[in-house]
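**Student:** In my numbering, the protein residues as written are 140 to 365.
A virtual CB, placed ideally from N, CA and C, is assigned to each residue, including glycine.
All values reported here derive from a predicted model rather than from experimental measurement.
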C-alpha cells in the first residue's frame with residue numbers, strides 16, 4: 140500500500156445537534172487537509188451523535204441527517220472522508236458511513252453487524268447492511284466498517300481483504316469500560332495481521348447519558364503494528 144496520511148477526527152458529537160456536529164466535521168476536514176492528510180475519518184454517527192435512540196423513529200430526523208451529510212460533499216474536495224450518519228432506504232433506517240472522494244459522495248456503507256447486548260439495542264432501530272464494497276481512489280484500495288463489524292473474526296474485514304482492500308477504515312462510538320482499551324488493541328492487531336490489511340480505527344470521545352466514549356483512536360499496519 141502506498142504511503143497515505145490519515146487523520147482520525149476523534150470528535151465529541153452532541154446527540155440531535157445535526158447542524159453543530161456538521162460544523163465541527165467541516166472544521167476537522169479543513170484542518171486535516173491543511174495538515175496534509177489524504178484521508179479523514181469520523182466516529183460512528185458523527186452527524187447525529189450516538190446513540191440517537193428514538194430520534195431514529197422520526198422520519199424528519201432521518202431526512203435531516205441524510206440532507207446534512209450530502210451537503211458536506213464540497214468540504215471534502217482534495218481528500219477522502221468517511222463520515223458516520225443515519226441513512227434511510229425505502230423508509231428503513233441504517234447506521235451508515237458516507238464515503239466522500241474529492242468533493243463527491245461516492246457511496247454509502249451500511250453497518251452489517253448490529254449489537255443488541257449490554258448498553259446496545261441497535262436491532263430495535265436499524266436494518267442490517269448486506270454488502271462490503273471495496274473502494275478505489277487513485278492507487279489506494281480500501282473498505283469501510285462500523286464498530287461491531289470489526290469485532291467478528293469472520294465479518295466484513297475478511298470480505299474486504301479478499302476483495303483486494305489494503306486498508307480498513309473502521310469508525311466507532313465504542314463506550315469505555317475497565318480493560319476495554321487493551322481488549323481493543325489486541326483485537327485490532329489480530330484482525331490486521333490475520334487479514335494482512337492496515338486498519339485506521341477512529342472512536343468518539345465525551346459522554347452521552349450513562350455512556351462514556353474514551354477515544355483511543357489508532358492506526359495499524361498490515362502486520363498489526365502501531
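Any contact between the stretch 245-257 and the stretch 189-203? By contact I mean 3 or more CB pairs, one from each, below 8 Å.
**Tutor:** They do not touch, by the three-pair rule.
**Student:** Among 182, 187 and 260, which residue has its Cα nearest to the Cα of residue 203?
**Tutor:** Taking only the C-alpha atoms, the option nearest residue 203 is 187.
**Student:** State the Cα-Cα distance for the pair residue 213 and residue 242, rounded to the nearest angstrom.
**Tutor:** The alpha-carbon atoms of residue 213 and residue 242 are separated by roughly 5 Å.
**Student:** State the Cα-Cα distance for the pair residue 208 and residue 333, rounded to the nearest angstrom.
**Tutor:** If I take the Cα positions, the gap works out to 34 Å.
**Student:** Rounded C-beta distance between residue 313 and residue 286? I'm assuming under 8 Å.
**Tutor:** At roughly 6 Å, the Cβ-Cβ gap stays under 8 Å, so residue 313 and residue 286 are in contact.
**Student:** Closer than 8 Å by C-beta to residue 384: which residues in its own chain qualify, once you throw out the five before and the five after it? Chain order, please.
**Tutor:** Only positions 140 to 365 of the chain appear in the structure, and residue 384 is not among them; the question remains open.
**Student:** Pick out the complete beta strand (DSSP E) segments inside the stretch 303-353, 3 residues or longer, and give them in chain order.
**Tutor:** Listed in chain order, they are 306-311, 337-342, 344-347 and 350-353.
**Student:** Secondary structure at residue 232, three-state DSSP: helix, strand or coil?
**Tutor:** Strand at residue 232.
**Student:** Terminal residues of the continuous beta strand (DSSP E) containing residue 265?
**Tutor:** Premise fails: residue 265 is in no beta strand (DSSP E) and is neither H nor E.
**Student:** Got a sec? Which residues, its chain only, sit under 7 Å from residue 361 by beta carbon, not counting five neighbours each side?
**Tutor:** So the list reads 331, 335, 336 and 337, once near-sequence residues are dropped.
**Student:** Output needed for residue 244: all residues of its chain with C-beta closer than 7 Å, excluding positions within five of it in sequence on either side, in chain order.
**Tutor:** Excluding positions up to five away in sequence, the list reads 209, 212 and 237.
**Student:** Starting from residue 243, trace the beta strand (DSSP E) in both directions and tell me its first and last residue.
**Tutor:** First-last of the beta strand (DSSP E) with residue 243: 243-249.
**Student:** Near residue 153, what residues of its chain come up, given a Cβ to Cβ distance below 8 Å and the 5 sequence neighbours on each side ignored?
**Tutor:** Only 159, 160 and 188 meet the Cβ criterion.
**Student:** Less than 8 Å between the CB atoms is what I'm expecting for residue 306 and residue 269, so what's the real figure, rounded?
**Tutor:** Not quite, the Cβ-Cβ distance comes to about 22 Å (not below 8 Å), so this is no contact.
**Student:** Taking only runs of the alpha helix (DSSP H) that begin and end inside the stretch 153-212, which ones reach a length of at least 4 residues, in chain order?
**Tutor:** DSSP runs (the alpha helix (DSSP H)) wholly in the stretch 153-212: 157-173 and 198-209.
**Student:** Once DSSP output is grouped into helix, strand and coil, what is the label at residue 275?
**Tutor:** The answer is strand: DSSP assigns residue 275 an E or B state.
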